[in-house]
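Q:
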Amino acid sequence: MPSESTNASPIGGTLQRACDNCKNRKVRCDKALPCSNCKASGTECRTTVEQREPRQRILISAHYEKKIDSLEEKLNRIEGLLQSLVDSSSTRKSNKSQAGTGYLTPTQSSSNLTPNAQPSPEKPVEYGGQLSVNANSIIAQNFLKDAVASSPYTSQNPEMTAALYNLQQIVERQRQPQIRPFLGKIANVGISREELPPIDLVLEILRRLQRTLSFAFLCCFPHMSIPVFVEKCKAVYFDPFMVDVATSVIVHGGLAYLCKEQAWMTNDPIEKETFEKCITQFRANFQKSLNEMPLNMPATGEYIDALLIASSDSMENGRVNQTWTYNSAAVRLCMMLGYHRASTMTDDSIEVRATKHIAFWSAYITDKSLSLRLGRPPAIQDFDVDITPPVRFGIPEKDIWIDKIGFWVKMSNIEGRVYEELYSPRALKQSTDRRIGTAVQLAQDLEQVGLEATTIEKSSSEGPDFIKLLLSSTVVSRHIVRTLIFYAIPGDSRGFVNKECLESARSTLASHNAISEKHKHEDVWSTYLNFAIINAPLTPFIVVFCHSIAFSDEHDLALLHGFVNSFGSAVQKTEVCAKLHKLCSVLHHVAKTYVEAKKAGSGALVQQQMSGGVGAEQTNNQWGIDQFDRYLNALELTPGFIGNATWPNGPVTGPDQRMSMTSNPENQVIMNLLEDDLSYLDMDTYFG
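Shown next, in the form of structure tokens:
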């Protein structure tokens, strides 16, 4: 019979644990003594009972006290390092301030002459939008480096080293440029290859772009290099379904402009027709891509490029409010990336810095000019910008545009100031004398910019027609801004504008009419009208229109007639050109008919005085004039311009009352007509 363990239960009893054999074989034990498994196998049933070690009470308070003392000592050392860091920082600030004044104390002089004293140039502070966070991050990083390197405890305590290393990694991560995550996935446009124009034609356009300087590309992408654009085109054609929205907008919009330029330049009617078909396809894809643009876009340079070309396209087609929307979004992204701050570009290459500068100033120009056009405050405030105006970077394809952008930046700056200092709600609350002084100063600054523009125009006199026309438009732009400046100054007692405002308005129309006689290319002329006239305030035309009615001025009627005829075939190119032409034609016909009615009424009045009776002709003429007056008043074509006391609502006493009606000098009723359908106007009666 098998022997039992000495610590086992008596035969026939039960075990508290499974026997050793069952444990080893990993079978169920019935815990009998002996168990059934051991009986069946004829083996000894043995159970080993582990002996517990006797418990012992250990005093560990002294051990923990040593650890606490060690941690306290380390914290004291860290506190000392922080204090020394603060002291050294304040010392550097004190030395810098005293060095700036040109004075040194004896102690400072001796310390600065010691061999160990080495000046440490300070790195510019990061983008000001996160100034406090970044500044404190730099201090923390410097402290952590000193703590890890100099503390004698870091090498002895791996945990302390690991903790400091983790903190250092956190600080380093904070110093890296952060792109806020986009809330939601940006879907691809999904334009199939069947919707793309032939690739052979696109490759030929890109080869021409690389061989010859394209002014269409410079106007649309002054901030993008040609190789980058070519790579984006390859991405669209090789894998269109994997291209994001921004790339699709850039490629289709850019190729549409390049095709338009090639259509302008070619004399082959078949090739011209081919390019025009491609323009239609590219524009359809461009609009489809724009419709997919998310409201909350990630702050990347690619989306800025896409928004800028969308803004340029909207401006060319006369959609002013849409231009404001796209450009304001581009400005917001530029601000988020710090394009307006020099401190964010210290480590950038010359090419990258030039790209950022030109992109920002392009958005700046549109922002300021539309501010005056729409009567809205600009999104960019000059006090928040510290980058220098555009300068040459030594990059030929960018420097050719730098001088022009530099001039337009100065012009746009004055346009922004005109709104802020003359037409903003704050400016309208100022006294008349102060507003007059401001207007005079702005006019002087505008004259100075005009002198610079003359130099640029002479230097570009041998360039392509498009560039010469674009530079000629600066003359018209200056006259428009000058008109708005003097429009803010009160005129005579009858409420009419002052002499300077009238002369500027006449100069605007005269300059425009003269330019129209020089440039006959219908495509180039259409682009000029879209950029220089439609997107500019119509105030000069309205001023001349009202003066012609008030004083029956034949010279003013001739200016209005020349302006209307200058549109030419451009009315067939874009819808907005056709609308503006139709609107100006109606106003010119109204002025002409009104003046003729007044002259006829005056002649009838003379005959009536000589005959002593009241003729029917005079009565009819006076009735017609009264009807004109009522309709012109309904269109807010300022009654005070006419100087007639018979207006239903009474005359306007001057620009003070006009300006109190709206912060925008533009006539909103007239400009809103450009957004409406004008097919109801009977033009056959005028030109039938």
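In this note's numbering, the protein residues as written are 12 to 699. Ideal Cβ placement from N, Cα and C applies to all residues, glycine included.
Just confirm the distance between the C-beta atoms of V457 and I491, as a whole number of angstroms; I'd bet it's less than 8 angstroms.
A: Locating residue 457 in the sequence shown gives position 446, counting from the first residue. Locating residue 491 in the sequence shown gives position 480, counting from the first residue. Sequence check: residue 457 is Leu here, not Val. With 8 angstroms as the limit, L457 and I491 do not qualify as a contact, their Cβ atoms being about 11 angstroms apart.
Q: Where do the ends of the alpha helix (DSSP H) carrying G349 lie?
A: Indexing the sequence shown from 1 puts residue 349 at position 338. Taken as a continuous stretch (DSSP letters only), G349 belongs to no alpha helix (DSSP H), as it is neither H nor E.
Q: Which ranges does the alpha helix (DSSP H) cover as unbroken runs of at least 4 residues, wholly within the region 211 to 262, from first to last along the chain?
A: 226 to 231, 237 to 249
Q: May I have the straight-line CA-CA distance separating A608 from A561, to the nearest angstrom?
A: In the sequence shown, residue 608 corresponds to position 597, counting from 1. In the sequence shown, residue 561 corresponds to position 550, counting from 1. Between A608 and A561, the C-alpha separation is close to 12 angstroms.
Q: Considering only the beta carbon of each residue, do V213 and Y268 sit closer than 8 angstroms?
A: Numbered from 1 along the sequence shown, position 202 holds the residue referred to as residue 213. Numbered from 1 along the sequence shown, position 257 holds the residue referred to as residue 268. Contact: no.
Q: I'd like to check one pair, L598 with V555: are the Cβ atoms closer than 8 angstroms?
A: Start at 1 with the first residue of the sequence shown, and residue 555 comes out as number 544. Start at 1 with the first residue of the sequence shown, and residue 598 comes out as number 587. Their beta carbons are not under 8 angstroms apart, which means V555 does not touch L598 by this criterion.
Q: Could you name the residues of the same chain whose beta carbon sits closer than 8 angstroms to that of K107, not counting the 5 residues immediately before and after it, in chain order?
A: Along the sequence shown, one-based indexing puts residue 107 at 96. Confidence in K107 is poor, its pLDDT being 44 and thus under 50, which makes the residue's placement unreliable; the coordinate value appears in the next sentence. The beta carbon of K107 sits closer than 8 angstroms to no other beta carbon from its chain once the five residues preceding and following it are set aside.
Q: Would you identify the three-state DSSP class for A43, choosing helix, strand or coil?
A: Residue 43 sits at position 32 when you count from the first residue of the sequence shown. Three-state result, A43: strand.
Q: Alpha carbon to alpha carbon, how far is I315 from Y375?
A: Position 304 of the sequence shown, counted from the start, is the residue given in the question as residue 315. Position 364 of the sequence shown, counted from the start, is the residue given in the question as residue 375. Approximately 13 angstroms between the Cα atoms of the pair.
Q: Does the separation of the CB atoms of R745 and P548 fall below 8 angstroms?
A: Since the first and last residues shown for the chain are 12 and 699, residue 745 lies out of range.
Q: Excluding sequence positions up to five away, which residues of its chain have a Cβ less than 8 angstroms from the Cβ of L453?
A: Along the sequence shown, one-based indexing puts residue 453 at 442. I425, R428, V429, E432, L433, I496, listed in sequence order.
Q: Taking the CB atoms as reference points, tell me whether F297 and H263 lie closer together than 8 angstroms.
A: As a working note, residue 297 is residue 286 in the sequence shown. As a working note, residue 263 is residue 252 in the sequence shown. Yes.
Q: Have a look at M308 and R343 and give me their C-alpha separation to the nearest angstrom.
A: The residue given as residue 308 occupies position 297 in the sequence shown. The residue given as residue 343 occupies position 332 in the sequence shown. The alpha-carbon separation between M308 and R343 amounts to approximately 10 angstroms.
Q: Taking just the CA atoms, how far does I216 sit from K271?
A: Working through the sequence shown from its first residue, we reach residue 271 at position 260. Working through the sequence shown from its first residue, we reach residue 216 at position 205. Their Cα atoms are separated by approximately 11 angstroms.
Q: Among residues of its own chain, excluding the 5 on either side of T258, which ones have a beta-carbon nearer than 7 angstroms to its beta-carbon?
A: For the purposes of this step, residue 258 is taken as residue 247 along the sequence shown, with counting starting at 1. Around T258: K243, A246, V247, E313.
Q: Leaving out the 5 sequence neighbours to the left and right, which residues in its chain are closer than 6 angstroms to A317 when beta-carbon positions are compared?
A: Residue 317 sits at position 306 when you count from the first residue of the sequence shown. So the qualifying residues of the chain are A257, V260, I261.
Q: In chain order, what residues of the same chain have a beta carbon less than 7 angstroms from the beta carbon of T223, not counting five sequence neighbours either side?
A: Numbered from 1 along the sequence shown, position 212 holds the residue referred to as residue 223. Around T223: no qualifying Cβ.
Q: Since G579 contacts W536 with CB under 8 angstroms, what's their CB separation in whole angstroms?
A: Within the sequence shown, numbered from 1, the residue matching residue 579 stands at position 568. Within the sequence shown, numbered from 1, the residue matching residue 536 stands at position 525. Contact flag correct, Cβ pair sits at about 7 angstroms.
Q: Could you compute how far the alpha carbon of K78 sits from the alpha carbon of Q62?
A: Locating residue 78 in the sequence shown gives position 67, where the first residue counts as 1. Locating residue 62 in the sequence shown gives position 51, where the first residue counts as 1. Computed Cα separation, rounded: 35 angstroms.
Q: Helix, strand or coil: which one does DSSP assign to M326?
A: Here residue 326 refers to the residue found at position 315 of the sequence shown. In the structure shown, M326 sits in a helix (DSSP, three-state: H, G or I).
Q: Whole alpha helix (DSSP H) runs in the region 581 to 618 with 4 or more residues, listed along the chain?
A: none
Q: Let me confirm a value: P436 is counted as buried when at least 16 other C-beta atoms fall within 10 Å, else exposed. Which label applies?
A: Against the sequence shown, residue 436 aligns to sequence position 425. Exposed, since its Cβ has fewer than 16 Cβ neighbours within 10 Å.
Q: Could you check the C-alpha separation between V254 and T277 for me, to the nearest Å?
A: For the purposes of this step, residue 254 is identified with residue 243 of the sequence shown, where counting begins at 1. For the purposes of this step, residue 277 is identified with residue 266 of the sequence shown, where counting begins at 1. Taking the straight line from one Cα to the other gives about 32 angstroms.
Q: Where does the unbroken alpha helix (DSSP H) through G722 begin, and where does it stop?
A: What is shown of the chain runs 12 to 699, which leaves residue 722 out entirely.
Q: Would you tell me roughly how many angstroms separate the C-alpha atoms of L481 and K415, rounded to the nearest one?
A: Position 470 of the sequence shown, counted from the start, is the residue given in the question as residue 481. Position 404 of the sequence shown, counted from the start, is the residue given in the question as residue 415. Cα to Cα, L481 sits roughly 10 angstroms from K415.
Q: Out of curiosity, what's the CA-to-CA distance linking P208 and Y539?
A: Position 197 of the sequence shown, counting from 1, holds the residue named residue 208. Position 528 of the sequence shown, counting from 1, holds the residue named residue 539. Near 28 angstroms, if we compare the C-alpha coordinates of Y539 and P208.
Q: Could you tell me how far apart the beta carbons of C588 and N524 are, in whole angstroms, since I believe they sit closer than 8 angstroms?
A: Taking the sequence shown and counting its residues from 1, the one referred to as residue 588 is at position 577. Taking the sequence shown and counting its residues from 1, the one referred to as residue 524 is at position 513. Not really, about 16 angstroms apart at Cβ, beyond 8 angstroms.
Q: For L381, count neighbouring Cβ atoms within 10 angstroms of its own Cβ and tell me buried if that reaches 16, exposed if not.
A: Looking up residue 381 in the sequence shown gives position 370. Counting Cβ neighbours within 10 Å, L381 comes out buried, since at least 16 surround it.
Q: Assuming the contact rule is C-beta atoms closer than 8 angstroms, V703 and P400 should be a hit. Round their C-beta distance to whole Å, please.
A: The requested residue 703 does not occur in the structure, where the chain is confined to residues 12 to 699.
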